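*Asks:* Position 422 of the sequence shown, counted from 1, bears residue number 483 in this note's numbering, the numbering being contiguous throughout. Note that beta-carbon positions come from the ideal geometry of N, C-alpha and C, so glycine has one too. Please read all numbers here as calculations on a predicted model, not as lab measurements.
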Amino acid sequence: MQLPTGLACPRCHGTLQVDGPGLRCPACAAGYPVVDGIPSFLEPVGTMPSLSPCALSVVLPALNEAASLERMLPDLLSALRSLDLAAEVIVIDGGSQDSTLEVARRHGARTILQEGPGYGGALRTGFRAAQGEYVLTLDADGSHDPTFLRDVWSARESAEVVIASRYVLGGRAEMPWTRLLLSRTLNLAFRRGLSLPARDLSSGFRLYARRAIARLDLTATDFDVLEEILIRALAEGYRVREIPFHYRARLSGRSHADLRKFALSYLRTFGRMWRLRNSIAAADYDARAYDSVVPLQRYWQRRRFKLITGFMRGFERVLDVGCGSSRILGSNPSMVGLDVQAHKLRFDRRYGNPLVHASIFALPFRDASFDCVVCSEVIEHVPADARAFDELARVLRAGGRLVLGTPDYDRWTWRALERLYARLAPGGYADEHITHYRRQGLTA
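Shown next, in the form of structure tokens:
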């Protein structure tokens, strides 16, 4: 846990101590959780991670897979024993007419009848039933080698979504060339069109941190649920990692995948997920806007970056209040990032900076903790309240620098640009400016 220098209780400004998975203030007995490695002064203490009944839940969607399960379940159970961890195996049955349920139960798996149609319904059923801290999904037809579980499991600390990938260096796929061509084409279109940091978006062999998928609003019913899970997890700021994997032909029987349906589900989801990826609701919106194809957006982000990094140059202890996912934070390794939006902070973990989930109205730092305080594009989003300015001044040392940025509503150019931007990029714009400031009022 990386705690920023000067971190203090926002109630009494007393020194905080590490207390198990969270923080506690001895002076006022207040407790604060640490969520996803980030101290939170907004979440209730009850949000601290609780112990799961087991470490891993393995979810296997199955439809008439008795023969394949007979061969792959012993290998899966052997792989789980080799890891020496508490695990459960859950077979989600989609209405099999063979002995799928009997085979699964004989090998000690928990069986659940699928709720909701399609592959998406099977995964959602499995996610709801899973009790493990992590959830592994793989196909029941034997195309996903259970012995690869060790490699996937070993990567769990580096990302909340680990993909066994056919399309990264070292990975490969044994499948008919027509299916391979379709898969590669659709994956490329999705990856480029939505700027996704992954190559194999349709791999069903994945390891999820359960906390990363527990609250996702999943609606897809077909294979497109795989893309939806990934994109929604990214929008929540969770990390994705791919490790090379050898995909092999199914052990027996025939595939239940309809290639035409597979392609249509991708295309249907693309439009829906495009709107999410390019919305300010996405955790990486600010970071991606720096390279936006929209000239006005790209110019504004780069101009803002240049101005603010210039103003804070030369200062050692810097706090960015309302950091969002801007690249400004990553420009200074010692800079402390603070925001009320937890998903933005989760994305910011990649920069390696100290992070804090807190409010501008109650900054969790001792007096005079910073040489420079940055507060850019924040105060217009909160009610007009002198406490915000008092808090910024309190944590800034005497003679330090406050970098305060907000739209000047006294200028007609800003109002015109705001209307133009709302028309050009409605998905990336939100009229959340509830307080309008003017330069004269701030400098008076």
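State buried or exposed for Gln501, treating a residue as buried only when at least 16 other CB atoms are found within 10 Å of its CB.
*Replies:* Locating residue 501 in the sequence shown gives position 440, where the first residue counts as 1. Burial call: exposed.
*Asks:* In the structure shown, what three-state DSSP assignment does Tyr299 receive?
*Replies:* Locating residue 299 in the sequence shown gives position 238, where the first residue counts as 1. In this structure, Tyr299 counts as coil in the three-state DSSP scheme.
*Asks:* Is DSSP giving His404 helix, strand or coil here?
*Replies:* Position 343 of the sequence shown, counting from 1, holds the residue named residue 404. His404 falls in the helix class under three-state DSSP.
*Asks:* What's the gap between the Cα of Leu368 and the Cα of Cys436?
*Replies:* By 1-based counting over the sequence shown, the position of residue 368 is 307. By 1-based counting over the sequence shown, the position of residue 436 is 375. Going from the Cα of Leu368 to the Cα of Cys436 covers about 13 Å.
*Asks:* Could you compute how far the alpha carbon of Arg211 sits from the alpha carbon of Ala296?
*Replies:* Position 150 of the sequence shown holds residue 211. Position 235 of the sequence shown holds residue 296. Distance between the alpha carbons of Arg211 and Ala296 is about 28 Å.
*Asks:* If the criterion is Cβ atoms closer than 7 Å, does the pair Val196 and Ser118 meet it?
*Replies:* Residue numbering aside, residue 196 sits at position 135 when the sequence shown is read from its first letter. Residue numbering aside, residue 118 sits at position 57 when the sequence shown is read from its first letter. It is a contact, given that the beta carbons lie within the stated cut-off.
*Asks:* Any chance you could list the beta strand (DSSP E) runs of at least 3 consecutive residues sitting entirely within the segment 253-309, in chain order?
*Replies:* Runs found: 267-270 and 301-305.
*Asks:* Quick one: using the 10 Å Cβ neighbour count with 16 as the cut-off for buried, is His307 buried or exposed?
*Replies:* Locating residue 307 in the sequence shown gives position 246, counting from the first residue. Classification of His307: exposed, given that the 10 Å Cβ count is below 16.
*Asks:* Any contact of the segment 175-190 with the segment 82-94, i.e. 3+ C-beta pairs under 8 Å?
*Replies:* Cβ pair count under 8 Å is below three, so no.
*Asks:* Roughly how many angstroms lie between the CA atoms of Arg365 and Val355, to the nearest whole one?
*Replies:* Locating residue 365 in the sequence shown gives position 304, where the first residue counts as 1. Locating residue 355 in the sequence shown gives position 294, where the first residue counts as 1. Looking at the two C-alpha atoms, the distance is approximately 16 Å.
*Asks:* Using 7 Å as the threshold, is the C-beta distance between Gln192 and Pro82 below it?
*Replies:* Within the sequence shown, residue 192 is the residue found at index 131, counting from 1. Within the sequence shown, residue 82 is the residue found at index 21, counting from 1. Going by C-beta atoms, Gln192 is not nearer than 7 Å to Pro82.
*Asks:* Under the assumption that His442 contacts Glu493 (Cβ atoms under 8 Å), give the Cβ distance between them as a whole number of angstroms.
*Replies:* Numbered from 1 along the sequence shown, position 381 holds the residue referred to as residue 442. Numbered from 1 along the sequence shown, position 432 holds the residue referred to as residue 493. Yes, His442 and Glu493 are in contact; Cβ-Cβ is about 5 Å, under 8 Å.
*Asks:* Cα-Cα, which of Val434, Ser395 and Arg349 is closest to Lys405?
*Replies:* Numbered from 1 along the sequence shown, position 344 holds the residue referred to as residue 405. Nearest option by C-alpha distance: Arg349.
*Asks:* If you draw a straight line from the alpha carbon of Phe422 to that of Phe372, how long is it in whole angstroms?
*Replies:* Numbered from 1 along the sequence shown, position 361 holds the residue referred to as residue 422. Numbered from 1 along the sequence shown, position 311 holds the residue referred to as residue 372. Going from the Cα of Phe422 to the Cα of Phe372 covers about 24 Å.
*Asks:* Check whether the Cβ atoms of Pro425 and Phe102 lie closer than 7 Å to each other.
*Replies:* On the sequence shown, position 364 is the one that residue 425 refers to. On the sequence shown, position 41 is the one that residue 102 refers to. In this structure, Phe102 lies closer than 7 Å to Pro425 by Cβ.
*Asks:* What three-state label does DSSP hand Ser340 in the structure shown?
*Replies:* As a first step, residue 340 must be located in the sequence shown, where it is residue number 279. Correct three-state label for Ser340: coil.
*Asks:* How many whole angstroms separate the CB atoms of Asp154 and Leu174, which I take to be in contact at a CB cut-off of 8 Å?
*Replies:* On the sequence shown, residue 154 is found 93 positions in, with the first residue counted as 1. On the sequence shown, residue 174 is found 113 positions in, with the first residue counted as 1. Rounded, the Cβ-Cβ distance is 6 Å, consistent with contact.
*Asks:* Check Gln358 in the structure and name its three-state DSSP category.
*Replies:* Position 297 of the sequence shown holds residue 358. If DSSP states are grouped into helix, strand and coil, Gln358 belongs with the helices.
*Asks:* Exposed or buried, which one is Ser215 when buried takes at least 16 other CB atoms within 10 Å?
*Replies:* Taking the first residue of the sequence shown as position 1, residue 215 is located at position 154. Its Cβ having fewer than 16 others within 10 Å, Ser215 is exposed.
*Asks:* Run through DSSP, which three-state label would Pro100 get?
*Replies:* Taking the sequence shown and counting its residues from 1, one reaches residue 100 at position 39. In this structure, Pro100 counts as strand in the three-state DSSP scheme.
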